[in-house]
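Below you'll find the structure, written out as structure tokens, and then a few comments.
2 protein chains.
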Amino acid sequence: MTVDERPGPDGSLVGHAVGSITRLMRDNDLMPGDRLPSEAELARQLQVSRTVVREAFRSLAAMRIIELATGRRATVARIDHGPMSLMMEHGVQTEQINIQQIYDVRRTIEMRIATLAALRRTEAEAQALAAEAAGLRATVEDPARMVGHDLAFHAILADASRNPVYALIIGSFRGVTSETWAIGWRSRSTPEARERMLVNHERIAAAVAKGDPEAASAAMSDHFDESVRALIVAGLS
Amino acid sequence: MTVDERPGPDGSLVGHAVGSITRLMRDNDLMPGDRLPSEAELARQLQVSRTVVREAFRSLAAMRIIELATGRRATVARIDHGPMSLMMEHGVQTEQINIQQIYDVRRTIEMRIATLAALRRTEAEAQALAAEAAGLRATVEDPARMVGHDLAFHAILADASRNPVYALIIGSFRGVTSETWAIGWRSRSTPEARERMLVNHERIAAAVAKGDPEAASAAMSDHFDESVRALIVAGLS
DNA sequence: CTAGCAAACCTGTATGACAGGATTCGGGGC
DNA sequence: GCCCCGAATCCTGTCATACAGGTTTGCTAG
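Right, here's the structure in full:
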């Protein structure tokens, strides 16, 4: 396993190292779990100090392209929504993205997810979905626990689409959603409004369990109509 | 501007530092362009070595949450699709994601983008779109230049949706798309097949220019039907 | 052949140093 | 009083070295 010396994109040595390490992974067809050369070895091959290799590793680890652990060599990582979630939170925090925009994207994507999940869900997923919908209803007095059920519900659904990219995107909204969820819930001030929210989840779960893609998609659409309305009531722009 | 000392998520000092810096940005409402404390200053406040602060900075810079430059202080960054693009490439490279899955997501999202763009595009965007469609037709003999026009076409459209999250997601497919685009193009072996591809872009541009959301969405749907068929012909799973 | 242990390897962090690039601030000219 | 310029200062990028743990490897003893 050797590394070539093409200069990286920018003039920086770290940028160069990141490029070289990425190329090394690609050229050697490294798969998740495979081990990379040690920092010292890479430093030698790239003719830079260990500092530079370490910073390059940190960059790749931040994107969960590789995984670092003390004492162990760096390994190729499984893709994960964590970094994307942080990026989204940053976007919202710095007012480059607003919550309504995220909900528009979520509606678009989750309607498709519902369709696919209705066609592809396993029996276990159908049951897990029903359980999370029931969990929502059961914790109606404890918003802090409700948000966990809501997040889990949508995560299971995304997984059931059998397309990891959907799961990734939904996961990337996880941080933002968990921070704003309570606002939406509080804005549903009447028992009727709250009941609608609970029923919508149950409808989605039922349609997916029944394997009815149109009904699942329609229920998801209603769910987002209702949620977006709640957010508007709350004045979240 | 000070930093508290809550321990980070994992035991690592770098993880702690990343958390503290993130919190510092949030608590002080730092906006893109604003400067962060210097490495030495943070090292002092967090009671860690500059090494740790630097690695934390690298992590945040990898996600484009902050921006680093020689001699200058780190600044809060504008959100950017670069890291997401690298993550997607990694996912495809390691066979955790396949091209068809990406195309399913793209179809879902770009149909919505077409709808929004038809409603919200500026005059300049309508013209730029037409120009890129024309560029595609003009460079039909040079796939390397064609892919640039295709990427630009979809990027302009995404921007015209006036929802940066759509632009972000489309951008995250940029790397993968540019690497597989040529395969799809080559698989369109007849002049008719190639003409269909060109016409579809022109139809989208025309519908968006006319401000007809249904037509734009339908044209986009046809575009993806055609593209996905081309990829299937090419045997890309 | 296996279990266990020691050596070798490896990463996380700290310290100190220094070469440029960037910022700042004071002074001089107008 | 204001603007421009240069020097002092600050700051980042990189290197070398050191050492405390954690991990892997390989040898040895039973």
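The listed protein sequences derive, respectively, from chains A and B.
Taken in order, the first sequence gives residues -13 to 223; the numbers are from our numbering.
Taken in order, the second sequence gives residues -13 to 223; the numbers are from our numbering.
Glycine residues also receive a C-beta, built at the ideal position from the N, C-alpha and C atoms.
- At least 8 Å separates the beta-carbon of residue 69 of chain A from that of residue 83 of chain B.
- Residue 53 of chain B is bridged by DSSP to B:61.
- Judged by DSSP secondary structure, residue 217 of chain A falls within the alpha helix (DSSP H) whose first and last residues are 199 to 219.
- Setting aside the 5 residues that flank it on each side, residue 207 of chain A is surrounded in the same chain by 93, 97, each with a C-beta closer than 8 Å to its C-beta; the list follows chain order.
- The C-beta of residue 218 of chain B comes no closer than 8 Å to any C-beta of chain A.
- Inter-segment contact for the stretch 57 to 65 of chain B and the stretch 171 to 180 of chain B is absent: fewer than three beta-carbon pairs are separated by less than 8 Å.
- Cβ neighbours of residue 184 of chain A within its own chain (closer than 8 Å, five residues either side excluded): 119, 122, 123, 126.
- Of the residues B:145, B:85, B:81, B:80, the one whose Cα lies closest to the Cα of residue 109 of chain B is B:145.
- Secondary structure at residue 182 of chain A: helix, using DSSP grouped into helix, strand and coil.
- Put simply, the backbone Cα of residue 213 of chain B is about 14 Å away from that of residue 190 of chain B.
- Residues of the stretch 6 to 33 of chain A with a C-beta atom less than 7 Å from some C-beta of chain B are 12, 17, 18, listed in chain order.
- The Cβ-Cβ distance between residue 147 of chain A and residue 172 of chain A does not fall below 8 Å.
- By the CB criterion at 8 Å, residue 25 of chain A and residue 39 of chain A fall inside the cutoff.
- A direct Cα-to-Cα measurement between residue 198 of chain B and residue 205 of chain B gives close to 11 Å.
- Taking a Cβ-Cβ cut-off of 8 Å, the neighbours of residue 62 of chain B in chain A comprise 80, given in sequence order.
- Where residue 13 of chain B is concerned, the enclosing alpha helix (DSSP H) starts and stops at -1 to 13.
- Think of a sphere of 8 Å around the beta carbon of residue 41 of chain B: the chain A residues whose beta carbon falls inside it are 40, 41, 44, in chain order.
- Listed along chain A, the residues sitting closer than 8 Å to residue 149 of chain B by beta-carbon distance are 87, 90, 91.
- Separation of the CB atoms of residue 65 of chain A and residue 44 of chain A is rounded to 18 Å, and the pair is thereby denied contact status at 8 Å.
- Scanning chain B for C-beta atoms nearer than 7 Å to the C-beta of residue 98 of chain A yields 94, reported in chain order.
- One Cα belongs to residue 115 of chain B, the other to residue 152 of chain B, and the distance between them is close to 17 Å.
- Interface residue (Cβ-Cβ distance to chain B less than 8 Å): residue 76 of chain A is classified as such.
- Here residue 21 of chain A carries a strand assignment [DSSP, helix/strand/coil].
- Taking 8 Å as the upper bound for CB-CB distance, residue 99 of chain A and residue 217 of chain A are not in contact here, some 20 Å apart.
- Residues are counted here when their Cβ sits less than 8 Å from a Cβ of chain B; for the stretch 181 to 194 of chain A the count is zero.
- Using a CB distance cut-off of 8 Å, residue -1 of chain B does not count as an interface residue toward chain A.
- Under the Cβ criterion of 8 Å, residue 73 of chain A is counted among the residues facing chain B.
- Residue 82 of chain B: not part of any alpha helix (DSSP H); DSSP gives it neither H nor E.
- Beta-carbon to beta-carbon, residue 160 of chain A and residue 67 of chain A are separated by about 7 Å, close enough to satisfy the 8 Å threshold.
- Look at residue 159 of chain B here: in three-state DSSP terms it is coil, with no helix or strand label.
- At a cut-off of 8 Å between C-beta atoms, residue 199 of chain A does not count as an interface residue with respect to chain B.
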